[in-house]
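Residue numbers (the numbering used here), protein chains in the order written: chain A, 322 to 657; chain B, 60 to 747.
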Ligand SMILES: [Zn+2]
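Here you go:
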């Protein structure tokens, strides 16, 4: 059999081979010690030298050819085998992964943490005070004596004639000043209570009190601190305005508005057509409040502000009913 | 305060639109909350803060607008000379509480319905028209801000008025609204020769009321001390247009003008000049208004505001506001007008200057002082860590009111001496179900669970971090420990990846994950005695040697009392975060990781049901061999392959030496000794 015929018959036999073992049998059949090609090579010795050279070359080519074909088919079969193995092991990768679905953060807590973070970055520390508070700290020490009309601004829950549920986080101002010498600079986040419940009021809500007293603090500082806070919590281009207001424990007092984030100032239902939304109350600490704790108001001055968390959360997330915050409906909580 | 723009324009022509007017007022401290259309007029709805009693009138708003725009104020003409004697004597027995009492007598008036135009204005301002006389007093109250009262002259006995506080003689009065009222101690009353005829500054008496038949009138205008009026009004639960103004501070100086204005209006509306006789008057004014002199350094104004306002500008602002001013060497001496009782000190004057100068003109500058920055503080960080850990275990953060239903204490079957029964009680709760402050968060979470269940949610995990309130001594503030509580329920059958673990272990796992996050290692769980938990599926957390919480399945009895209909087990836990905070370990001190390999042995033992895995592990860990590094349970079996009343538990024990590689032979000796002793200790046997 000549080299050409060997190749032809090899290719015919290779055609249907589909297993590695079949391939091995074929290799032995052609290239083994008693293989077809080996036998032909052995016959070369009996040929005249000039024929031997060309026949030898031809047979060697055939040998290389067969080896190459075998290697290629082997590779093919290996890949096929792997593919079949993978196919048999395949799983439905669209099924859900296994994990504990993490719980969500309550939007009010989320806002409170965010705001706390902003003020901590500005160098404020974090203080706490009791939620059940003495009338003295909640009112008297904040320049709101008994029989003061300002008490009407806040409907108060009473535990006894002298003990109330704090109506604001401002009593923390007094408690901290009693404990620390100036300068002081802190925020006090927490729950506050008002004896009031309707579509826009809940008997409990959250505030963050901000407070800074030193020997050089001005209304101008108050403006800058609150502006930079509001720009960070809402957006850097939201307009901010300060307008005179009244709180017994600050003087001058300022109500702070931001440009309505819904209508961009053109007027809508949320801003009652004014283009502005009231966001927090603030002012320069009243000298009486400083004097009550023994701070010399001729030397020290400072500012205070109070922010309602629910209000910020409602604006930030376009929530239209404050009562949603306290139902703890997972279809609501799951969105944050 | 509701201000019809048309009425306002009778006092000032601001020369600007109503919108611009609203903006100017808002930016100077009189927030215009709304502009309401009322027929052809527009009503400005103004939020007047409690300090600005002077702005509770059309005149007051006009006066403020005049300062802001420079437009002149048009005041009604003052009285033309003194009125003759009234034929009534006035005796003020308490000149501190009543510093001025004036009146006018008007005769031959025709009492009847007031004119349409006046009724419309009263209604636009939220008042109900009654008759022409009463309407005039209300009209002047709205217009000039000073409350007036009209008596039927002929019902006043003895031709005298006495102003005094309630005492043994003056004990009760029947007020205009027909209510017989007992006078609170210290209440100021107006009396005639026979007894009280009005609650001073709050409400008139029924016996002297102006009626259809009234012809002769005594018109009262007085000044009453704010705190006294407020105290009496509050004690009686009464608030009137009159008391509202007096308790905020009325203008003692406007009394003659108010009387004159009302007299002229009555003359006009109740018969006309010629018929109605404006008779004599009386004006007892024992304590003259003496304004405080307030000293303000101009440098101080700018120091507080962080502004550079010229002294001239400050003086100009104060003068326009009606303050008397003089200044020298940077010191301003100023006295507020009689309608600005709210201005008492330097800070008030600074505010006046800033308010009119314009807050928007004061520059904003961040403070340069770099104060001690304590950062958030470790407690704040701790609370965030807790929130993060509990969310990772699938619990969403809930926020509930701090209130508790008294029934919750019964539903939890708490024993009489349980501290959680010492709840703080509110004197004025909104409803009975919210009359206590929470001593435990669990009842709130149960309500949340029911809410979610009723809305079709099956798998619920909620946790809340909040203070609870434990009453200690009467008259003192309660303790406010910080708690973390959680509740969970899950529907087993529909979960995609089956989890065979008891719900209890899921809840306990959440607690353990939290403790791991906090690196609190000194902890174990013991069976719990909480009365509202399943006694066989609940445990107390003991950390640092103290009980600091519990976790368990809500007992069927408690579930029933809370009216939970579902059959699934509900797990709850509640932890004392203050205690856990105290147990936080100091920062880690690094130890080198082990250099030599460990050798493991597994052991399965069959023991009585009552033997706890924790006991076995503790026994192994305490076994006297320095090579026992770790022991953990990895299998639990109960069923046909072990005898009834017994269970099989499998443990993995890890041996290691710190200085060399242990040999199998070495371990074999220790391990077989341990197994032998463990079987004796537990009364168990090796599982075949
Ligand atoms: Zn808007």
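Even glycine gets a Cβ: it sits at the ideal position worked out from N, Cα and C.
At least 8 Å separates the beta-carbon of residue 545 of chain A from that of residue 563 of chain A.
With a 10 Å radius around the Cβ and a threshold of 16 neighbouring Cβ atoms, residue 570 of chain B comes out buried. Those residues of the segment 630–649 of chain A placed with their C-beta closer than 7 Å to a C-beta in chain B are 646, 647, 648, 649, ordered along the chain. By the Cβ test, the segment 273–291 of chain B is in contact with the segment 205–222 of chain B, since at least three Cβ pairs between them sit closer than 8 Å.
With contacts defined as CB atoms closer than 8 Å, residue 422 of chain B and residue 515 of chain B fail to qualify as a contacting pair. Listed in chain order, the alpha helix (DSSP H) runs fully inside the segment 602–649 of chain A are 608–613, 630–638, counting runs of at least 4 residues. At least 8 Å separates the beta-carbon of residue 719 of chain B from that of residue 632 of chain B. In summary, the residues of the segment 396–427 of chain A whose CB is separated from some CB of chain B by less than 7 Å are 417, 419, 421, 422, 423, 424, 425, 426, 427, in the order they occur in the chain. From the beta-carbon of residue 286 of chain B, the residues of chain A found nearer than 7 Å are 468. For residue 679 of chain B, the three-state secondary structure derived from DSSP is helix. Of the candidates B:465, B:165, B:662, B:165 places its Cα closest to the Cα of residue 142 of chain B. For the set B:372, B:741, B:550, the Cα lying nearest the Cα of residue 625 of chain B is the one of B:550. In the three-state scheme derived from DSSP, where H, G and I count as helix and E and B as strand, residue 583 of chain B is classed as strand.
By the Cβ neighbour-count rule, residue 556 of chain B is exposed, with fewer than 16 other Cβ atoms within 10 Å of its own.
Checking the 7 Å criterion, the Cβ of residue 305 of chain B is out of range of every heavy atom belonging to ligand 1.
In this structure, DSSP gives residue 528 of chain A an extended state, which the three-state scheme calls strand. Put simply, the segment 130–141 of chain B does not touch the segment 235–247 of chain B. Fewer than three CB pairs are less than 8 Å apart. Sequence-distant Cβ neighbours of residue 395 of chain B in its own chain, meaning closer than 6 Å and more than five residues away, are 350, 382, 402. Closest in alpha carbon position to residue 537 of chain B, among B:543, B:526, B:544, is B:526. In this structure, the beta-carbon distance from residue 588 of chain B to residue 598 of chain B does not fall below 8 Å.
Distances taken from the Cβ of residue 623 of chain A to the heavy atoms of ligand 1 include none shorter than 7 Å. At the C-beta level, residue 457 of chain A and residue 486 of chain A stay beyond 8 Å of one another. Residue range 208–211 is occupied by the beta strand (DSSP E) that includes residue 210 of chain B.
Around residue 386 of chain A, the same chain offers 328 as residues with beta carbons nearer than 7 Å, after the five sequence neighbours per side are excluded. In this structure, residue 555 of chain A has its beta carbon at no less than 7 Å from each heavy atom of ligand 1.
Our two residues, residue 365 of chain A and residue 412 of chain A, have alpha carbons roughly 58 Å apart in a direct line. Remark: the shortest separation between the CB of residue 591 of chain A and any heavy atom of ligand 1 falls under 7 Å. Leaving aside the five residues that flank residue 77 of chain B on each side, the residues in its chain whose CB is nearer than 8 Å to its CB run, in chain order, 64, 94, 101, 103. In this structure residue 344 of chain A is in contact with residue 395 of chain A, their Cβ atoms being roughly 6 Å apart against a cut-off of 8 Å. From the beta-carbon of residue 591 of chain A, no residue of chain B is found nearer than 8 Å; the closest lies around 14 Å away. Under the Cβ criterion (8 Å, minimum of three pairs), the segment 546–553 of chain A counts as touching the segment 436–448 of chain A.
In this structure residue 261 of chain B does not touch residue 322 of chain B by the C-beta definition: roughly 23 Å separates them, more than the 8 Å allowed. If you ignore the 5 residues before and after residue 358 of chain B, its C-beta comes within less than 8 Å of the C-beta of 389, all in its own chain and listed in chain order. Below the 8 Å Cβ cutoff, chain A contributes 565, 573 as neighbours of residue 414 of chain B, in chain order. Put simply, the CB of residue 85 of chain B is near chain A, with a gap under 8 Å to one of its CB atoms. For a cut-off of 8 Å, the C-beta gap from residue 675 of chain B to residue 710 of chain B is around 7 Å, short enough to register as a contact.
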